[in-house]
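S.K.:
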Amino acid sequence: MAIRYELIPDEQITRVKHLCNELMSYQKSLATVRPELFNGMSFESRMVPSVKNAKANYIIAAMDGDEIVGYVYSNVSPKEVYSNEFATFFDMDSVKGNDVGCLSQFYLKEGYRSMGIGSVLYEKSKDWLDSFDDIHDQFIYVSNGNVAALQFYKSKGFKVSHQILDGFIIVLRNT
Ligand SMILES: CC(C)(COP(=O)(O)OP(=O)(O)OC[C@H]1O[C@@H](n2cnc3c(N)ncnc32)[C@H](O)[C@@H]1OP(=O)(O)O)[C@@H](O)C(=O)NCCC(=O)NCCS
Numbered sequence: 041m042a043i044r045y046e047l048i049p050d051e052q053i054t055r056v057k058h059l060c061n062e063l064m065s066y067q068k069s070l071a072t073v074r075p076e077l078f079n080g081m082s083f084e085s086r087m088v089p090s091v092k093n094a095k096a097n098y099i100i101a102a103m104d105g106d107e108i109v110g111y112v113y114s115n116v117s118p119k120e121v122y123s124n125e126f127a128t129f130f131d132m133d134s135v136k137g138n139d140v141g142c143l144s145q146f147y148l149k150e151g152y153r154s155m156g157i158g159s160v161l162y163e164k165s166k167d168w169l170d171s172f173d174d175i176h177d178q179f180i181y182v183s184n185g186n187v188a189a190l191q192f193y194k195s196k197g198f199k200v201s202h203q204i205l206d207g208f209i210i211v212l213r214n215t
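All the letters of the sequence shown, read from the start, carry residue numbers 41 to 215 under our numbering.
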């Protein structure tokens with residue numbers, strides 16, 4: 041299977057809409073802590089505002105022929121966007137700079153997992169996040185029950201920092 045990797049410009053994010061919504065359903069299916077919190081989560085409520093609020097976005101799709109079979113979405117944003125009515129994702133004082141990096145969404149369709157595609161997408165995203173010399177803090181938020189994703193990110197060097205929302209989300213950091 042020859043997979044190509046394609047950069048998706050911000051104005052074309054609807055190309056990953058169906059996969060973003062699949063990701064939300066997938067995460068809900070695994071969650072045991074407050075799975076109902078996923079009910080309000082969708083491409084429109086999560087990805088669209090996130091892309092708008094970020095200073096920079098980086099979306100890479102994995103292509104099998106003309107079909108998008110997976111994507112990863114990372115961004116760089118002012119740290120304040122992570123303190124809102126939904127949650128405070130981390131201690132603001134623990135971040136020295138104004139901005140943080142986030143590997144925000146990651147999804148491969150079933151049948152395309154555990155073949156190394158995720159590792160390629162991860163490396164591309166990490167290189168992008170690392171290219172911001174003035175941003176030292178990178179975050180990944182994993183929802184509860186997703187043991188494989190947690191293992192995946194730990195194997196890449198991210199460390200569990202803390203949990204929020206009664207353990208609904210596990211916060212990982214690069215330091
Ligand atoms: C998580 C995900 C992005 C990983 O991508 P992937 O292509 O499956 O992972 P890779 O094949 O590159 O595997 C990388 C490593 O993770 C490990 N791994 C991958 N899937 C795993 C699984 N289901 N259980 C345990 N380990 C797993 C592999 O063993 C591999 O380790 P190695 O490098 O020592 O061989 C992908 O499986 C996925 O999209 N899952 C469904 C959606 C999801 O959970 N997204 C994350 C939301 S936070």
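We put the CB at the ideal spot given by N, CA and C, even for glycine.
Alpha carbon to alpha carbon, what distance is there between F83 and S171?
M.R.: One-based indexing of the sequence shown puts residue 171 at position 131. One-based indexing of the sequence shown puts residue 83 at position 43. Those two C-alpha atoms are separated by around 27 Å.
S.K.: To the nearest angstrom, report how far apart E62 and A101 are at their CA atoms.
M.R.: Locating residue 62 in the sequence shown gives position 22, where the first residue counts as 1. Locating residue 101 in the sequence shown gives position 61, where the first residue counts as 1. Looking at the two C-alpha atoms, the distance is approximately 15 Å.
S.K.: Which runs of the beta strand (DSSP E), 3 residues or longer, sit entirely within the region 84 to 136?
M.R.: Runs found: 96 to 104 and 107 to 118.
S.K.: Between R213, A42 and F126, which has its C-alpha nearest C142's C-alpha?
M.R.: Here residue 142 corresponds to residue number 102 of the sequence shown, with the count starting at 1. Considering only alpha carbons, the answer is R213.
S.K.: Restricting to Cα atoms, I'd like to know which of K57, A189, L190 and K95 is closest to Y111.
M.R.: Taking the first residue of the sequence shown as position 1, residue 111 is located at position 71. Minimum Cα distance to Y111 is reached at K57.
S.K.: Using a Cβ-based criterion (distance less than 6 Å to any ligand heavy atom), does Y147 qualify as near ligand 1?
M.R.: Here the question's residue 147 lines up with position 107 in the sequence shown. Yes - ligand 1 has a heavy atom lying nearer than 6 Å to the Cβ of Y147.
S.K.: Does the separation of the CB atoms of V91 and K119 fall below 7 Å?
M.R.: To locate residue 91, count along the sequence shown from 1; it is residue 51. To locate residue 119, count along the sequence shown from 1; it is residue 79. Result no, Cβ atoms of V91 and K119 do not sit closer than 7 Å.
S.K.: Alpha carbon to alpha carbon, what distance is there between V116 and D173?
M.R.: As a position in the sequence shown, residue 173 is number 133, starting the count at 1. As a position in the sequence shown, residue 116 is number 76, starting the count at 1. The alpha-carbon atoms of D173 and V116 are separated by roughly 12 Å.
S.K.: Where does the unbroken beta strand (DSSP E) through Q203 begin, and where does it stop?
M.R.: Position 163 of the sequence shown holds residue 203. K199 to I204 is the span of the beta strand (DSSP E), which, as asked, contains Q203.
S.K.: Which two residues bound the contiguous beta strand (DSSP E) that contains S144?
M.R.: Against the sequence shown, residue 144 aligns to sequence position 104. Run containing S144: D139 to L148, per the beta strand (DSSP E) assignment.
S.K.: Please confirm whether K196 and Y162 have their CB atoms less than 7 Å apart.
M.R.: Here the question's residue 196 lines up with position 156 in the sequence shown. Here the question's residue 162 lines up with position 122 in the sequence shown. The answer is yes: Cβ separation under 7 Å.
S.K.: Decide if the region 64 to 75 is in contact with the region 102 to 109; the criterion is three or more beta carbon pairs, one per stretch, under 8 Å apart.
M.R.: Flag = no, the region 64 to 75 and the region 102 to 109 do not touch.
S.K.: Helix, strand or coil: which one does DSSP assign to V223?
M.R.: Nothing can be reported for residue 223: it is not among the residues displayed for the chain, which extend from 41 to 215.
S.K.: Quick test of your reading: S114 and S165, contact by CB under 8 Å. State the CB separation rounded to the nearest angstrom.
M.R.: As a first step, residue 114 is located in the sequence shown; it is residue number 74 there, counting from the start. As a first step, residue 165 is located in the sequence shown; it is residue number 125 there, counting from the start. The Cβ separation is near 5 Å, so the contact holds.
S.K.: Would you be able to state if there are at least three C-beta pairs under 8 Å between the region 41 to 55 and the region 71 to 79?
M.R.: The region 71 to 79 vs the region 41 to 55: no contact.
S.K.: Go ahead and label V182 buried or exposed: buried means 16 or more other beta carbons lie within 10 angstroms of its beta carbon, across all protein chains shown.
M.R.: Position 142 of the sequence shown, counted from the first residue, corresponds to residue 182. Looking at its Cβ environment, which holds 16 or more other Cβ atoms inside 10 Å, V182 is buried.
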